[in-house]
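Shown next, in structure tokens, is the structure this report addresses.
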Amino acid sequence: MEKILRQEKLREWVDTLDDCEVYAPAFADSVWNFARVEAGTDIDLSHTNTIGSVKAFTFPQREVFFRFEKKDGVPVLTPTLPDPKPTVVFGVRPCDGRGMPRNDTVFNKEFEDPYYWARRNKLTLVGLACNQPHSPNCFCQSVGGSPHAEEGLDILMTDLGDRFHVKGVTAKGVEAMERGRDAFDAVSDADQTEVDKVHETSRSYPQRPIGDLDAISEALRESFDSPLWADMAQHCIGCGICTFLCPTCHCFDINDEVISPTTGEGERVRTWDNCQFPDFTMHTSGHNPRGDLGSRLRQRVNHKFLYFVENHKTQQCTGCGRCITECPVGIDIVAVLERVGQS
Amino acid sequence: MTDNIYLPKIGRIVGIDEETQGARAIKTFKVEFPNDDGFEHDCGQCAMLSMFGKGESMISIASSPLVKEYKQFSIMKMGRVTSAFHAAKIGDFIGIRGPYGNQFPLDDWQGRDLVFIGGGVGLAPIWPVIQTAVARREEFGKITVFYGARTSSDIMYEADFERLKESVEVQLSVDAPEEGWSGYTGFVPANLMDKAPPPDNAIAITCGPPIMIKFVIQNLQALGFADEQIYTTIENKMKCGVGKCGRCNVGKDYVCVKGPVYSWAELKRLPQEY
Amino acid sequence: MVNVEEIRDYAAGLLEKGEVKSVLGFRRGSASAFAEPCTITNVGEAASLVWDPTCLNNLALYLVKDRKQQAVSKTPDTRPVGIVAKGCDSRAIGVLLQENYFKREDVVVIGVSCEGTGVVDPRKLSAKLKGRTASRVTFAVQGSTSVAGGRTPGATDGADGINVSVYGDETETVIPAREVLADRCLECRAAAPALNDVVFGNTVEARDFNEPFHAAKEAERLSEDERWATWERHFDRCLRCFACRAVCPMCYCPECVVDSTTFVVTLGTSAEEKANRIRWCERSANTSESAVYHLTRAIHLAGRCIDCGECERVCPVNIPLRLLNTKLEKEAFEMFEYQAGHDIEQASLLSSFRDEDPNSFIR
Amino acid sequence: MSNPSQTTEVQDFEPRIVAFLCKWCSSAGSDLAGVSRIQYSANATPITIPCSGSVSPMYILSAFNKGADGVLISGCHPGDCHYMEGNYLARRKLYLVKELLQFIGLESDRFRMSWVSAAEGAKFAEVVDEFVEDLRVLGPQNRLKAER
């Protein structure tokens, strides 16, 4: 389904989603992030990209698996599977959209993750094509995506100035459009020509090149023991920015949080974790298979451009560029791949 | 609704054996499922054990798959969770989810000689294989079990070893012998060289401290064992056990799913990340 | 004004004479117009050093890192390290010396005066450029706004503002420095490094920006409920990526008291030690736990924070962390006449006291 | 989850105070208040510490995190420290903690410090009573309390 939505009708459409929780980018504290849209307020889709990726909707920073307590000396476990309202997220950039099916793979492969899917099944992603790259670090096209890629999105919107072109990609997306059908107009030939032109132009901007992705995987395989890794990680500070902001990084930790040591009450909680932290792989004995920053940088890059490819036949990177832009010390995954490729 | 992969079943400790003492003490726990919701497992698989309020730890299932009434775990006191296990008493409740990981390909080894080489708590992961092989004794050729501990009092499953001697060759060794010790004195790899089991039509299965495994494999190769004839298990830090949390990988393999059992031929192809 | 060629020559000279094993400095990054840290070890690399308003990092962090590497190395290279240091960075070195983290002779401080300006706040710049991205950022030099036209000797960096070009449009726009400088630079009291082996650039006394502790004083003015509403929002959105801690030269503890991610374990650590370690706050990134983390960190930096603003700069969700530290430095200055990093001989803030310290708050 | 202090009616609200008491003075002062049969609020959970100077700011933050409505630190009068200067160091450090807590907007009445000697049983009782009354007005502390 393809429709035209005039800018001023956006709110009319959003208002028809009144049984859903609607989120959209909002600029607060000098950063763009997804925020709840209160009924009767406008959505501002002038954002570049949100600082946090859309992954937090299905993989929140804190997920309680279950509560535990003791009754008559016997542990009683109460699972806390989330039961969210249907959630619609506007303004999702195509790079984030493409992150979603990659996360689906992870949380679905050998064992299905019920917490992830409880949220995922209720989630509708309304994408917004990038008419031009919002950062010189964008490289979606270098990893098989595009500024108007539909993969992972339920709806793709394209900004045509005074109006949006809106395309329902999945059944879920079409349904969300159906509900606001009165707000939409038909697509004229002129509209179609314009949207095609906007998409074409959006693809024509230069992006950071990576080159042949198969060759990159091969180069990474060959470079496992290369001294390059230590060199490239020389100034790494070992923080979690790159992975926490990444739309596809999904590593986590599980801990018991005790509420009362006397009653034995507590919660088992999943939190985000990060392959760049020193304790991530450290055995209880103190032995650490990835004990230095070089091996941890290698893990991050290999996971995305080698291991995930070997396991799932696609890169686990969608070229959003957040890890590059936000790295405090200028570590640049595209430059890393370039150096590995040249070595 | 699918099964909740993170929700443990409740287990009850019905037996505790003190195997070794000291800073790295080992205890063996027998665990029953009071709610009759237990699971079957294969040789080499692991389970994620919980002490509620302390956390979870991935532990090899040390009992034979043929034993259905309980599961057995030998746990070395290492950190928060394992210390809680060592403080536990018979009747205490734990959480248990699994089984996780792959298995020793016992069916592929029919008709062959089996050489087991274990050291310290490393006997636990291969113990179910030994038990199963003994139970299906006629399917295999000669079976030899090498096992080494620091002292004779540190030998795990001591009572079971006596029974084992009836059907297989047992070669025990200690690093520091007491008076009256009749077995071999010295490290396991040396005992292996001393007895020199023939490699023809044989499979070697080893587990123990990393340094022991390293020398055992060197010595097996010196004895003429090919890489495909050598099996071992590896371990890495694990949190989820289901291939998602991202930390136990060795190259592209999540050890919790693709491991812990590897032939040396397979392991050589993986990067050294364990 | 600072002539970057002089910095390059000096660094090359240190390396050539073998006086240092390496020089920590800034070079052009691959990712953006902003400079990135570099460690150069041979004379030829000195040409890659840069100096401009995008040299944000406090490189003293890498002196700490070097020290840590030496501690675990079997054959540590104990030769001195050269470091390009702004005023704030040199104060960081001062605190590390005060705390005996290394010795004065272990470091050659190549001081660079920020003169009448400072470094750019990337978020302010981005807002100023309305989403476009800077491709080149330089100091506008008094009397000579055109870099291509050569620099006037004796001119002062930045008094006329910051020159900015954006991608796809190489014409330079001059933005008044006040509008894009980092808050810490607007409040800086010593833009020229007092602790140094050499200084490039002049000391500019009259910097017509904000009074010291300006932002903290503004934040204090809010009502109690407004303050909590603000900080609750800040703590709530913390990702606990620990970038603030990782980037701080003063957060050198091998093991951080508030979380498990840095718990040092050796083969000799007993099971009891591991089992009994107190978890002061949980790993969950929620308001209460993140508050414990940030407040603990702030207190641990009291009298040690030299206001390089790195914690605030690196925070991906823009939590104004610097406020917590400058609030405490303000109290240290006003109540205890203490300034971090100013005197390497002085006793630290929390290991000293005076009879006239405030007492009226105690019942 | 149910949060007892949130669901409690304000008039039934009994503030919980964690009191870190120096073993050389205030701890003995609180004992004296007890043996002297002085009537005072039973809302304070005393934790005896070697010296007010040994109080880590983490103790205070942790107490608030675990739901304390108020935190009291009580040590020896200036000049009376068993370790010569522990209370002076405490005074400086805890002044900064107090300022920081106020800065982020924790109600300023929730953190309190006092000098109470072993002989001042009556003063200890007063300090606790006053604190309890002030906390009663403030109601439960929810700002830094863990949301579990």
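Residue numbers (the numbering used here), protein chains in the order written: chain A, 133 to 475; chain B, -17 to 256; chain C, 27 to 389; chain D, 0 to 147.
Every residue gets a Cβ at the ideal spot worked out from N, C-alpha and C, and that includes glycine.
*asked:* Going by DSSP in three states, H266(A) sits in which element: helix, strand or coil?
replied: coil
*chain A partners of C189(B), CB-CB under 8 Å?*
Per Cβ cutoff of 8 Å: no residues; C189(B) is ~16 Å from chain A at best.
_Chain-order list of residues whose beta-carbon lies under 7 Å from that of C81(C) (same chain, five-residue window excluded)_ = F52, A61, V145
*Where V224(B) falls: helix, strand or coil (DSSP)*: coil
*Counting only the same chain and skipping the five closest in sequence on each side, list residues whose C-beta sits under 8 Å from that of R54(C).*
A61, E62, S74, V76
_For Q153(B), report the span of its alpha helix (DSSP H) as first-last._
Note, Q153(B): premise wrong, no alpha helix (DSSP H); beta strand (DSSP E) at 151 to 156.
_Boundaries (first-last residue) of the alpha helix (DSSP H) holding G33(D)_ = 25 to 34
*Top-ranked residue by Cα proximity to I16(D), from F110(D), R147(D), E119(D)*: F110(D)
*Got a sec: which bits of the stretch 310 to 341 of chain C sit with their beta carbon under 9 Å from any beta carbon on chain D, in order along the chain?*
S310, N312, T313, S314, E315, A317, V318, H320, L321, T322, A324, I325, H326, A328, G329
*Closer than 7 Å by beta-carbon distance: list the chain C residues that pair up with M364(A), in chain order.*
Those within 7 Å of M364(A) in chain C number zero; the least Cβ separation is about 11 Å.
*asked:* Please list, in chain order, the chain A residues whose beta carbon lies closer than 7 Å to that of R147(D).
replied: E389, I391, E399
*Does the beta-carbon of L48(B) have 16 or more other beta-carbons within 10 angstroms, so that it is buried, or is it exposed?*
exposed
_Nearest candidate by alpha-carbon position, reference A160(A), set F379(C), S377(C), N344(C)_ = N344(C)
*Using CA coordinates, which residue listed in C272(A), L285(A), D321(A) is at the minimum distance from S336(A)?*
C272(A)
*Write down the C-beta distance between I386(A) and K221(B) rounded to the nearest angstrom, noting that I regard them as a contact closer than 8 Å.*
5 Å
*For N231(B), the three-state DSSP class (helix, strand or coil)*: strand
*What is the DSSP secondary structure of M138(B), counted as helix, strand or coil?*
coil
*Roughly how many angstroms lie between the CA atoms of F379(C) and K65(D), to the nearest whole one?*
31 Å
*What are the residues of the stretch 228 to 247 of chain A that lie near chain B, defined by any Cβ-Cβ distance shorter than 9 Å?*
V238, F239, K241, E242, F243, E244, D245, P246, Y247
*Quick one: grab the DSSP three-state call for A160(A).*
strand
*Name the residue from G120(C), E32(C), V283(C), D251(C) whose alpha carbon lies nearest to the alpha carbon of P56(D).*
V283(C)
*N443(A): first and last residue of the uninterrupted alpha helix (DSSP H) it sits in*: 440 to 444
*Could you check if P246(A) is buried or exposed, using at least 16 other CB atoms within 10 Å of its CB as the buried criterion?*
buried
*Applying the criterion that 16 or more other CB atoms from any shown protein chain within 10 Å of the CB defines a buried residue, is P280(C) buried or exposed?*
exposed
*Coarse secondary structure for D174(A), derived from DSSP in three states*: coil
*For R158(C), collect the residues of the same chain with a Cβ closer than 6 Å to its Cβ; drop the 5 residues on either side in sequence, then sort them by chain order.*
V192
_Going residue by residue through the stretch 204 to 270 of chain A, where are the continuous alpha helix (DSSP H) segments of at least 4 residues, counting only ones entirely within it?_
226 to 238, 246 to 252
_For S392(A), list the residues DSSP reports as bridge partners._
E397(A)
*Applying the criterion that 16 or more other CB atoms from any shown protein chain within 10 Å of the CB defines a buried residue, is T182(A) buried or exposed?*
buried
*May I ask which residues mark the beginning and end of the alpha helix (DSSP H) holding S349(A)?*
345 to 354
*Give me the Cα-Cα distance between R119(B) and K50(B), rounded to the nearest whole angstrom.*
19 Å
*asked:* Looking at chain B, is there any beta carbon in it that lies within less than 8 Å of the beta carbon of K43(C)?
replied: no
_So if DSSP puts R194(A) in a beta bridge, which residue, or which two residues, is it bridged to?_
T403(A)
_Since A269(C) and V340(C) should fall inside the 8 Å C-beta cutoff, what is the C-beta to C-beta distance between them, to a whole number of angstroms?_
4 Å
*What does a CB cutoff of less than 6 Å around C277(C) pick up in its chain, not counting 5 residues either side in sequence?*
R271
*Under the DSSP definition of a beta bridge, which residues are partnered with C28(B)?*
S42(B), Y82(B)
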